[in-house]
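Visitor: The sequence shown begins at 6 in this note's numbering and counts up one residue at a time. For every residue, glycine included, the Cβ atom is placed at its ideal position computed from N, Cα and C. Pasting a structure below so you can have a look.
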Amino acid sequence: MRASDDAKRKRSPPPPPTLPPSPPSPSVDGSTDPNSPQRKRNKWARLLLRELYDLGFNDAAAALEREACVQLRSSVMKKLQNLVASRQWDEALQLVMKTGDEREQLQMKSTLAAREAALLLLQRKFIDFLLLKQLPEALRTFQEEILPLCEPSEAEVKQLAELLLCRDADEMKQRTSRPWQDDELQLKLEELVSPEEIIPEGALRRIVQDVELQTPPPMMMGQVAGDCVEVLTSHKNDVWELAFSPDGEMLASASSDGSVVLWEIKWKEEAVGFSLTMELKTETLHVLQSLEGPADCLAWSPDSRFLLSSGSRSSTIQLWDRTSGLCEKRFQHPGGVVTKMQWLSCGDQFVSGSADKSLVLWNANENSIAYQWSGRRVLDVVVHPHDSKVFVLISGYEIRVYDVAHKSDELFIEADNVMSCLTISPSGKFLLVNFVKQEQLTCIEIATGSVVAKYHGIREQRYVLRPCFIGAHSELVASGSEDGKIHVWQRDNGKLAAELDGHSSVVNVVVRHPVHASVMASASDDKTDSTAMQATYDTWQRAYSVEHFNKLCRGERRMQNNAVGRLCLRSLRLFKQLPNSPVTWLYLMILGSLAAVYGLLFDGWVRALLELRDYIIKSAGEYSFGAFIIWTMWCVGFGMLATCCGYYISPASDGSGIPTMRGLFAGVFQNPGDTLSFRTLVARSIGTVLSSASALSVGRSGPFTHIMAIIGYLMGKISIFQRVNYGQQNYNFIRAAVACGVTASFGSPLGGVLFGIEVTAKYYEIKCLWEGIICSSFCILVFNIITFTKSEVLFERTKFTGFDMDEEIFAFVLLGIITGIGAGLYCKMALVLRRIQARLLERFRLTKPSIQRRIFHVVSICLTTALISFPFGIMRIPDRVMINELFRDQTLSFPQWTQFSDSKHVTLVIYIVLKLFISILPCGAPLSCGVFGPLFTMGAAVGRYYGETLMELWSPHQSPATYAVVGAACFAASATQTVSTAVIFFELTGQLSHMVPVMVACIAAYFVSGIITPSIYDILASWAGMNSVCYDFNEHVLSQKAAKDYMATVPVIFTRDTTYEEAIQALNTFKKEEYFPVCDNAENKLLMGCLRRYDLEVGIARFLAVHRSGKEESKNAQVSTKIQNLISQVLDIDKKKSATVDNVSLLNFQPKETPTTSSMLELGPPFDEYEFTSIPVESYPPQVGEDVNLYRVHKLASISSWTQVYVVKFGKLQGVIHLDSSLTKLRKEDVPIRFS
């Protein structure tokens, strides 16, 4: 069985008023004792009499009537027929409703039959008035008799009302489906009255079935062949239950989506030679909807007129009329949910079992409880076809026999292994028991209790599979299996007779046709019999409950409820299928616009805080002691608030966003929902504003790229922008958002795209480049529009003198070498400072992450920065203002340049040295801060000093401002190991004539810095534990190393037989393992797939949440805190939707002492279809041979966005290469070669 979320339980409407029961009237022969010999004799005589009349032997029938002194019709029935023929509707109604003389009361089959007969008579009365043009009398009959007495359904009322609009009798005949001719009405009434009043047509034939004229059907022995006759497709989800009507004309099927479909079955027999062929035709007659939750319990009444339905999540039993498809009654089971119900052979009563330890005997006609047994948990119920005994499966370990007539019960079988369901043969001789965990069926002879045979071969671990008997003598046993096959065995010896294919998933139930004993129907979870969408990893990832998962699979949306919504959905699907989808363009336009607006808001917030700080400082005196205290408290306070955002809101918001994005695209973060969550967006936004507004020398471009990536990710979750299989393999939208973040920081669309690619991606699909360019273009367009209207600029543009190729090119090369050395020293000093900080933290015993460590780290750098920056006014100037000052092609104009010396060169040197030191301090600090802005500022200062010096020593053609811009580009390029900063320079200045000197200088700086040290982003990534995304090794070095020399042994291997308990133990033992290989077995080690750690944790959490037993507060000591939190998330959602799963609906076949963790893992494709509790499997993880070089290994990993690659030999797993450990091992070798 499975669980599915319920809809809200609705209050059942009150049942229709029951008609008063009548005392037993004497039969046609005058006897009231049903067991008297005279009564039995007369019954057979009347059966013969009816058959003679039906066959046309009227004289023989009349002779039998005289000789036996019996009548085919009772006197009351004759009177009813005479009244109907003479159209005396009121008198006929009195007989049916039993409101006249008690001696002239007509016995009906049931109360519902009496209501049906009364409605037929009143409708004919209503029609007669209409034909006679007596409209007032017709309306009076409709309003005063039909509505209050019969309570017709809405459809019946509508049909009668339409008759008022008919012009003549012919049109009435076309509109009504009720009996029109008198003979039709007579036949219909005969079907509704009791057999005591008139023997129904063909009664004797149905009893005898011409057994004297036919030879018994042969036993089916040996191998059995089966052909699929028909595939029925109407359900939108898995089909869980099937039931043929006793007359074989109807098939009911129940689905997990709560729908019950009634199929009309028509057989066409055709003699071909000496064989008989049968052609099956099926038609959907009604589609019923369960009151609450899924439907998996069905039971037909013995006369095939009514159907009972319920579900494992419902306590309501619905009674449906086969003809009208309407719910006639509802029975509310006292206590818990219904597990099974079955009709008794009398047709007036049925039994229902429940998980609340009760078995209830119902009076179907009176909607009342006749008797109730309590104290035992009922899992399944079967009724003996020819006796008053009911076989009940109790708690999975015993079968008891309840005697309905004597209201007693006794133990029939007690088993050590768990039983899941029961099936009784049509003859009542055999009982079929399903032992679920043993994957075994057992046939038991009811009379002796002995075992006839056992049947093996099915696979049954997760679901309850219902078998059946096949053949006229029940000589075969059939059952579905979780492998999608139907197994058929010989009943007496247990030998396998056939394996039938036709399903691709779990076959839940197999039922036998009651008339054609060799025909059976089967229901499955496969998608061949439904119109549901196939679940994908995206479906699994987005689902938050079982019901939500099923809705996603069915493609249900609220917009589908109306025609306009459906048209919009179809248009949306069409647009998404276009090569350059308009939906993608809309997304990029909105994302780019948001980046521009959000970037300007950021600048405004930071500018407002800085202006507030300067105002307070000026009020206290710019260089007074009070101002120093305010400056220090401001810096420390804002730094503390910034680091608290990372600690209390989201730790993923710490540091520069560039290494985070690099790790995301490389597959370091298996769950993008943590790194790109809304909480991280809030923490990153607030933390960046606070750290930028403090006195710390930090940048905003890195954090802002992370912010825009989060916005892009959250926008991608909106239904209109969702992409198929959105997950680890599809980050194109986020890459475009990263480009927008850089563009919004510098106002450089093309340079922003290239810079985002260089610093975040080892591998990039060029075909997706247009998305980043389009998004950045809209960003800069909106940015320029807003800044134009507000008369603001990001960077002031300066017109430089055009460059002509001359000896000054060597001056630019020298500047590149100087900035390269400076950037290398910056990175080296950052490494030295990191070691000093580590020693200090170790001395103060703050080695583990904690709020105390954060406070110590941040307060120390804030105090140091405040002490250095307060005395020097030049150090208080924000980076953006300083860059515009240095880029301006005029004399340096700030008064702070001459604070200590009249020489601005001296102040520039002091500024460069102090800026270098205070820019290194925040590197690696636990707060949201970037590094590109300070690097750009330092490079501009170095270039300006270089240009001013050249102006004094030599008269170059270019101004010092030109060298400032080139220095900024070179310093940033060399420290970050990128060349796209040159493109940013071109877009900022518009000086394409300087392309050659700028590119030459940047290349020189790149070369020099690469010799000295890795890039600052590699350093920050290594500090964050992401060694696998560092680019500090030459391709030549990697290509000289073989995979087999750097592979490690695989610590744990999963198979299809791995249980949840073993998986939990593996997660707890190997806490650093991010991937777990799936092999055929532990000995052969044939690699079949891989499980990601995050997916495994989510799958286990969902399984434990759905299949949990006991109270919610109960905790499994083996389960980690992370999995417990995931379990709580699922349970919280279930609570909100009233979908908490009982310990019955999913654990009713678990052994007493076996926890749910003993079950095998529910693996997704390619092993099984996706379910809510499935664990996704990467069916083709990155793998290489033993002799493949490390360069190809790393390249394959970057393309696949994985941090490890498996080493195989002829498909068999040999080991695994972790990218970070392989690089660490390379660094420890004797002569490591850094790339240049």
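Could you compute how far the alpha carbon of glutamate 1191 sits from the alpha carbon of threonine 1054?
Guide: Glutamate 1191 and threonine 1054: Cα-Cα distance of roughly 13 Å.
Visitor: Where does glutamate 763 sit, in a helix, a strand or coil, going by DSSP?
Guide: Note: glutamate 763 maps to helix in three-state DSSP.
Visitor: According to DSSP, what are the bridge partners of valine 482?
Guide: Answer is Phe474, Trp494, bridged to valine 482.
Visitor: Is the separation between the beta-carbon of arginine 327 and that of leucine 256 shorter than 8 Å?
Guide: Not in contact: arginine 327 and leucine 256 (Cβ atoms no closer than 8 Å).
Visitor: Helix, strand or coil: which one does DSSP assign to histidine 910?
Guide: Reduced to three states, the DSSP call for histidine 910 is helix.
Visitor: Could you name each continuous beta strand (DSSP E) segment of 3 residues or more that falls completely within the region 612-668, going from the start of the chain to the end?
Guide: As far as the region 612-668 is concerned, it has no whole beta strand (DSSP E) run of at least 3 residues.
Visitor: Could you have a look at histidine 553 and say whether DSSP puts it in helix, strand or coil?
Guide: Looking at histidine 553 - three-state DSSP - the assignment turns out to be helix.
Visitor: Rounded to whole angstroms, what is the Cα-Cα separation between tryptophan 1028 and glutamate 552?
Guide: Going by the C-alpha atoms only, they are around 43 Å apart.
Visitor: Can you give me the Cβ contacts of leucine 1224 inside the same chain, cut-off strictly under 7 Å, excluding the 5 residues immediately before and after it?
Guide: Cβ within range, chain order: Ser1033, His1199, Ala1202, Thr1208, Gln1209.
Visitor: Does phenylalanine 249 come out as helix, strand or coil in the three-state DSSP assignment?
Guide: It is a strand residue.
Visitor: Taking DSSP's pairing of strands, which residues face valine 291 in a bridge?
Guide: According to the sequence as given, residue 291 is histidine; it is not valine. Leu267, per the DSSP bridge assignment.
Visitor: Would you report the Cα separation of threonine 541 and tyrosine 1175, rounded to the nearest angstrom?
Guide: When rounded, the distance between both Cα atoms is 7 Å.
Visitor: Which residues mark the beginning and the end of the alpha helix (DSSP H) in which threonine 869 is found?
Guide: Segment 856-874, the alpha helix (DSSP H) holding threonine 869.
Visitor: Sorted by chain position, which residues of the same chain lie with C-beta nearer than 6 Å to glutamine 1188's C-beta, five sequence neighbours on each side aside?
Guide: Only Tyr1211, Val1213 meet the Cβ criterion.
Visitor: To the nearest whole angstrom, what separates the beta carbons of valine 1300 and glycine 358, a pair I think is in contact under 8 Å?
Guide: For residue 1300 there is no data in the structure shown, the boundaries of the chain being 6 and 1241.
Visitor: My output table needs one value for alanine 1029: the three-state DSSP class, helix, strand or coil.
Guide: Note: alanine 1029 maps to coil in three-state DSSP.
Visitor: What residue from Thr544, Val423, Phe941, Ala600 has the CA that sits closest to isoleucine 739's CA?
Guide: When each option's Cα is compared against that of isoleucine 739, the closest is Ala600.
Visitor: In terms of residues, what are the limits of the alpha helix (DSSP H) holding aspartate 679?
Guide: Unbroken alpha helix (DSSP H) run through aspartate 679: 677-680.
Visitor: Determine the closest residue to glycine 609 out of Arg381, Ser750, Leu69, Ser486, with distance taken between C-alpha atoms.
Guide: Of the candidates Arg381, Ser750, Leu69, Ser486, the one whose C-alpha sits nearest the C-alpha of glycine 609 is Ser750.
Visitor: Taking alanine 375 as part of the beta strand (DSSP E), name the residues at either end of that continuous run.
Guide: From DSSP, the beta strand (DSSP E) with alanine 375 extends over 373-379.
Visitor: Whole angstroms are fine: how far does the CA of proline 1186 sit from the CA of phenylalanine 1172?
Guide: Cα-Cα distance, rounded: 15 Å.
Visitor: Do you know whose CA, among Val1083, Val1057, Phe937, Ala122, lies nearest threonine 1074's CA?
Guide: Residue Val1057 is the option with its Cα nearest to threonine 1074.
Visitor: Identify whether threonine 1229 lies in helix, strand or coil by the three-state DSSP scheme.
Guide: Threonine 1229: helix per DSSP, three-state reduction.
Visitor: Tell me the rounded alpha-carbon separation between tyrosine 468 and phenylalanine 336.
Guide: Going from the Cα of tyrosine 468 to the Cα of phenylalanine 336 covers about 27 Å.
Visitor: Who does serine 260 pair with in a DSSP beta bridge?
Guide: The partner list for serine 260 (beta bridge, DSSP) reads Val244.
Visitor: Once the 5 residues before and after glycine 707 are set aside, which same chain residues still bring their CB inside 7 Å of it?
Guide: Cβ within range, chain order: Ser661, Gly662, Ile663, Gly935, Val936, Phe937.
Visitor: Give me the Cα-Cα distance between lysine 362 and threonine 344, rounded to the nearest whole angstrom.
Guide: One C-alpha to the other measures close to 11 Å.
Visitor: Return helix, strand or coil for leucine 312, following the three-state DSSP convention.
Guide: If DSSP states are grouped into helix, strand and coil, leucine 312 belongs with the strands.
Visitor: Is phenylalanine 417 helix, strand or coil when you go by DSSP?
Guide: In this structure, phenylalanine 417 counts as strand in the three-state DSSP scheme.
Visitor: Helix, strand or coil: which one does DSSP assign to asparagine 1194?
Guide: Correct three-state label for asparagine 1194: strand.
Visitor: Looking at C-alpha atoms only, which residue of Val388, Ile841, Val423 is the closest neighbour of proline 431?
Guide: Nearest C-alpha to proline 431: Val388.
Visitor: With DSSP run on the structure shown, which of helix, strand or coil describes threonine 824?
Guide: Correct three-state label for threonine 824: helix.
Visitor: Could you confirm whether any beta carbon from chain B is found closer than 8 Å to the beta carbon of valine 818?
Guide: No chain B appears in the structure shown, which is made up of a single protein chain.
Visitor: Quick one: which unbroken alpha helix (DSSP H) runs of 4-plus residues sit fully inside the region 68-117? Chain order, please.
Guide: Those alpha helix (DSSP H) runs which fall completely within the region 68-117 and span 4+ residues are 80-90, 94-102.
Visitor: To which residues of the same chain is aspartate 907 closer than 6 Å at the C-beta, ignoring the five residues directly before and after it?
Guide: Closer than 6 Å at the Cβ level, and outside the excluded window around aspartate 907, lies no residue.
Visitor: Less than 7 Å between C-beta atoms, sequence neighbours within five positions excluded: which residues of the same chain meet that for aspartate 133?
Guide: Excluding residues within five positions, the ones whose Cβ falls inside 7 Å are Arg92.
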